[in-house]
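Going by this note's numbering, the sequence shown opens with residue 1015, and the numbers climb by one from there.
Think of the CB as a built atom: it goes at the ideal place given N, C-alpha and C, for glycine as much as any other residue.
What follows is a single structure, written as structure tokens, with notes after it.
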Amino acid sequence: MVLLFCQPATLLLYLNRNIINVGEFGIALPVLAAYMGLSLLVSAFLWLNQSLFVRFHFFAFLLLMVWIALRVIVDLGDLEHLKAISVATTGGMLLFYLTGSFFSIAYRDLLKAKNATIVIKLTVLLFLGLVILMFSSLLSRLRSDIFYITGVDGAYQRPGNFLSISFIIFSSLVILLFAKDQRLFKKSLRFLFWLSIYSGTALLALISTQLFGSNSATAVITGVYIVTVIVLFLMGNKRLRSAHSRGLLALPMSKRTIRGALSYSGIGIVILLSSVCALIQITNFDITTIRLLGFGSGSNRSLSSRVEILLETGIAQMGYAPLLGNMNVAYLTTGNAGRTLHSFFPFVLANLGLVGLLVIITLFTMVFRQLYRSARRESVPEGSLTMSLIILYFILILTFLLIFSNLTVGVSWSVMWFTVGFFSQPFVFKKRRLHCETNTAYFS
């Protein structure tokens, strides 16, 4: 049980330290090393007693990394850039994929452990404490003219990504808490208490994203919060459980689920908007001073500039080397390496070509197929509705991130690769007596 707490706790602590020290790099590396060490220790212990299975989409991810490495070496000849895009702590795709993969092992163990509820509650409360600490630390650096802290110097993406990852971990643990303790749905006060903890933490996290100016993190946290509220209310829906027990529920694409999701999304939006409006009213805060609204200019230059680059240079960049791509395409087509496309699939096509795009599509197709089949398998009366809804939660979050990534980010977005590693669970440990079976249950 101690390891089950320490593994996610060290990861959350590492991410939090880097958010607080916005504008600095390489913070709390020993804490990250501790997380990796704990993860390897847990994996080694499991491997001694069980068989290790590696899912096929892991090899698709490795193929993507090999193709990226080849393109960087051929097009740029820059090993530092290769390090930055693969294993560095800001945008290292391989690092964050493995970080998410290790966390998926801890998450599965928390799900399976009989007495893990207390560990989940402690981790949730730990994150609340870390967010309060982060918020107070950032607030002490607030400028007097606008809602923005000093010392950011344009380095808002790293803390924004780290806070997004932290919130995805936190939200997934909240989902797990309600999944393991069904009594929370039967006792209104307990339900409201934990929902208030979750909503209050989300509100503090949202305010913090604007303190260091990360619009991307604001959007991610908002989207993840709404999806989490949707799935929480679906878990407590008695009609849904009745339909499942009678074999009338075909998750994840059930009409009942879709109708419920649409109605519950309204609840999530209302809770969030009401909280924000109440806070503005109580504090008499001038909301126009946040970065999302251009610090009072009335326009969001961050978003408009990215759209402008896509519209003005997108066709030229994507058409420069359509088959193999070119990692230096922004400079070669515009004369400015900084005018790279901030849109996931267009970026992949321009920089990695059709070959890279095919690998990416194959990877995500395999991941979504695995999740979809797992959710369908639990739809039968003998299956677990709660398990199916957790997998549905993964599908919804990953779909949201994939759609959002095409508005603002390139291929090395750490939030995406952590989430893919976490939700796809590329490494699975099973009892050795099952080594001849073809059971592919998601949490087996």
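Decide if residue i is buried, meaning its Cβ has at least 16 other Cβ atoms within 10 Å, or exposed.
i     : result
N1063 : exposed
L1287 : exposed
W1061 : exposed
T1297 : exposed
Q1331 : buried
L1203 : exposed
S1438 : buried
M1267 : exposed
A1058 : exposed
A1074 : buried
P1336 : exposed
R1172 : buried
Name the residue from the options whose alpha carbon lies nearest to the alpha carbon of residue i.
i     : options                    : result
L1246 : T1400, G1435, R1085, N1175 : T1400
V1362 : L1177, R1172, G1339, K1200 : G1339
D1277 : A1257, G1227, V1241, S1256 : One point to set straight first is that residue 1277 is Ser, not Asp, in the sequence displayed. It is V1241 whose Cα lies nearest to the Cα of S1277.
G1356 : R1387, V1321, G1370        : The sequence given here places His at residue 1356; Gly does not occur at that position. Closest by alpha carbon: V1321.
L1325 : K1097, L1337, L1421, I1409 : L1421
L1084 : F1443, V1381, L1366        : L1366
A1351 : W1081, D1089, N1032, Q1295 : D1089
V1080 : I1411, F1436, V1373, S1419 : V1373
G1435 : C1020, G1106, Y1162, N1032 : G1106
I1281 : C1291, V1243, M1267        : V1243
L1152 : L1187, L1109, N1175, Q1224 : Q1224
N1032 : K1097, L1156, S1178        : S1178
D1159 : T1302, P1440, M1015, P1360 : T1302
T1348 : P1360, F1358, F1359, G1328 : G1328
A1048 : S1065, C1020, V1068, E1094 : C1020
V1056 : I1417, H1071, P1022, G1237 : P1022
R1273 : V1145, L1306, Q1295, L1248 : L1248
List the residues that DSSP assigns as beta-bridge partners of residue i.
i     : result
Q1064 : K1445
L1156 : I1163
Shorter than 8 Å, the distance from the beta carbon of residue i to the closest heavy atom of the ligand FMN, or not?
i     : result
L1140 : Questions concerning the ligand FMN fall outside what the structure shown contains, since it holds no ligand whatsoever.
Checklist entry - What are the start and end residues of each continuous alpha helix (DSSP H) run of 4 or more residues lying completely inside the segment 1079 to 1144, in chain order? => result DSSP runs (the alpha helix (DSSP H)) wholly in the segment 1079 to 1144: 1093 to 1100, 1107 to 1126.
Item to check | Sufficient close CB pairs (3 or more, under 8 Å) joining the segment 1421 to 1437 to the segment 1243 to 1257 | outcome: Counting Cβ pairs under 8 Å, fewer than three are found: no touch.
Next on the checklist: Quick test of the definition: if touching needs 3 or more C-beta pairs under 8 Å, does the segment 1019 to 1036 touch the segment 1406 to 1424?
Outcome noted: Three or more Cβ pairs closer than 8 Å define a contact, and the segment 1019 to 1036 falls short of that threshold against the segment 1406 to 1424.
Next on the checklist: Closer than 8 Å is the cut-off here; do at least three beta carbon pairs connect the segment 1116 to 1128 with the segment 1164 to 1176?
Outcome noted: Contact between the segment 1116 to 1128 and the segment 1164 to 1176 is absent, because fewer than three Cβ pairs lie under 8 Å.
Next on the checklist: Check whether the segment 1127 to 1137 and the segment 1179 to 1193 touch, using three or more Cβ-Cβ pairs below 8 Å as the test.
Outcome noted: A contact exists between the segment 1127 to 1137 and the segment 1179 to 1193.
Next on the checklist: Does the segment 1334 to 1349 come into contact with the segment 1372 to 1386, if we say contact requires no fewer than three beta-carbon pairs (one atom in each stretch) closer than 8 Å?
Outcome noted: Taking a contact to require three or more Cβ pairs closer than 8 Å, the segment 1334 to 1349 and the segment 1372 to 1386 do not qualify as touching.
Checklist entry - Along the chain, which unbroken stretches of the alpha helix (DSSP H) at least 4 residues long are found entirely within the segment 1374 to 1446? => result If we require 4 residues or more, the alpha helix (DSSP H) runs fully inside the segment 1374 to 1446 come out as 1399 to 1422, 1428 to 1438.
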